[in-house]
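Below: the structure, in structure tokens.
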Amino acid sequence: HYLMANDPLFGNPEQFRPERYIAEDGKTLRKDLVERTIPFSIGKRECPGKGIVSVELFLGLTATFQHFKISPREGQDIDLVPGPVVMLLPKPQRLRIAPI
Numbered sequence: 026h027y028l029m030a031n032d033p034l035f036g037n038p039e040q041f042r043p044e045r046y047i048a049e050d051g052k053t054l055r056k057d058l059v060e061r062t063i064p065f066s067i068g069k070r071e072c073p074g075k076g077i078v079s080v081e082l083f084l085g086l087t088a089t090f091q092h093f094k095i096s097p098r099e100g101q102d103i104d105l106v107p108g109p110v111v112m113l114l115p116k117p118q119r120l121r122i123a124p125i
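When the letters of the sequence shown are read in order and numbered with my numbering, they come out as residues 26 to 125.
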């Protein structure tokens with residue numbers, strides 16, 4: 026915070042102004058500012074609860090899957106054929122979720 030708040034390149038550092046990172050041509054980024062920006066998502070400034078959330082999410086989903094049976098609806102199959110896309114994403118499926 027000190028670096029960005031006291032650097033003459035960052036005028037009014039407490040004000041949200043994303044346009045400050047765009048060069049005068051309106052299309053490219055100002056690399057001098059981007060290189061001096063310290064995001065909150067890396068290093069010592071990373072969210073301290075990120076690891077806990079990952080573990081809790083894993084445990085919660087695991088417990089859910091242990092107590093429920095997930096299957097296709099009666100008379101239907103799960104469609105595993107990929108669609109014509111750049112990125113492989115699962116297709117929406119109609120599933121039956123029943124307690125075990």
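Using N, Cα and C, we set each Cβ at its ideal position, and we do this for glycine too.
In chain order, which continuous runs of the alpha helix (DSSP H) of length 4 or greater are located wholly inside the segment 51-94?
The qualifying runs are 56-59, 75-92.
Between the Cα of Ile1 and the Cα atoms of Gly108, Ile95, Val106, which residue gives the shortest distance?
With the chain covering 26 to 125 only, the question about residue 1 has no answer from this structure.
Taking the Cβ atom as the reference point for each residue, do Asp104 and Lys116 lie within a distance shorter than 8 Å?
Taking the first residue of the sequence shown as 1, we reach residue 104 at position 79. Taking the first residue of the sequence shown as 1, we reach residue 116 at position 91. Yes, Cβ-Cβ distance for Asp104 and Lys116 is below 8 Å.
Helix or strand or just coil, what does DSSP make of Arg45?
Locating residue 45 in the sequence shown gives position 20, where the first residue counts as 1. Three-state result, Arg45: helix.
Could you name the residues that DSSP lists as bridge partners for Pro117?
For the purposes of this step, residue 117 is taken as the residue at position 92 of the sequence shown. None; Pro117 has no bridge partner.
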